[in-house]
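Engineer: Here's a structure for you.
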Amino acid sequence: MADNGAKGAIIGLGGGEFRRVKNGLDEAQVTSYINELISQRDILIQREEHLSSLTKLAEKTVAEADKLAENIKAESI
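Per the working numbering, the sequence shown starts with residue 623, numbered consecutively.
So, in structure tokens, the structure goes:
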């Protein structure tokens with residue numbers, strides 16, 4: 623990775639590599655990188671929502687199983 627400040631040099635930033643151009647970094651590369659990050663974030667949000675839903679279901683199932691076990695225990699006495 624060249625980082626001599628010259629036009630065309632490759633700059634590493636946030637895990638991405640961007641070509642240096644006259645006025646900064648290559649806009650198309652930066653835009654593409656940001657869009658990819660947004661896409662990854664959206665996927666992670668969906669996964670987190672799904673995991674949260676599964677956690678609530680598991681908690682509800684355990685609570686219902688505990689109640690059922692108590693009822694069975696009470697009936698057997």
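In this text, a Cβ means the ideal position worked out from N, Cα and C, and glycines have one as well. A quick note: this is a predicted structure, and the numbers were derived from the prediction, not measured.
Alpha carbon to alpha carbon, how far is A628 from Y655? Give it in angstroms, no decimals.
Structural biologist: Going from the Cα of Y655 to the Cα of A628 covers about 22 Å.
Engineer: Using only the alpha-carbon positions, how far apart do G638 and E671 sit?
Structural biologist: Roughly 28 Å separates the two Cα atoms.
Engineer: Name, in chain order, the residues that DSSP records as bridge partners for G641.
Structural biologist: Here residue 641 is Arg; the residue named in the question, Gly, does not match the sequence. R641 pairs with I632.
Engineer: Return the CA-CA distance between A685 and I665, expressed in angstroms with no decimal places.
Structural biologist: Roughly 30 Å between the two C-alpha positions.
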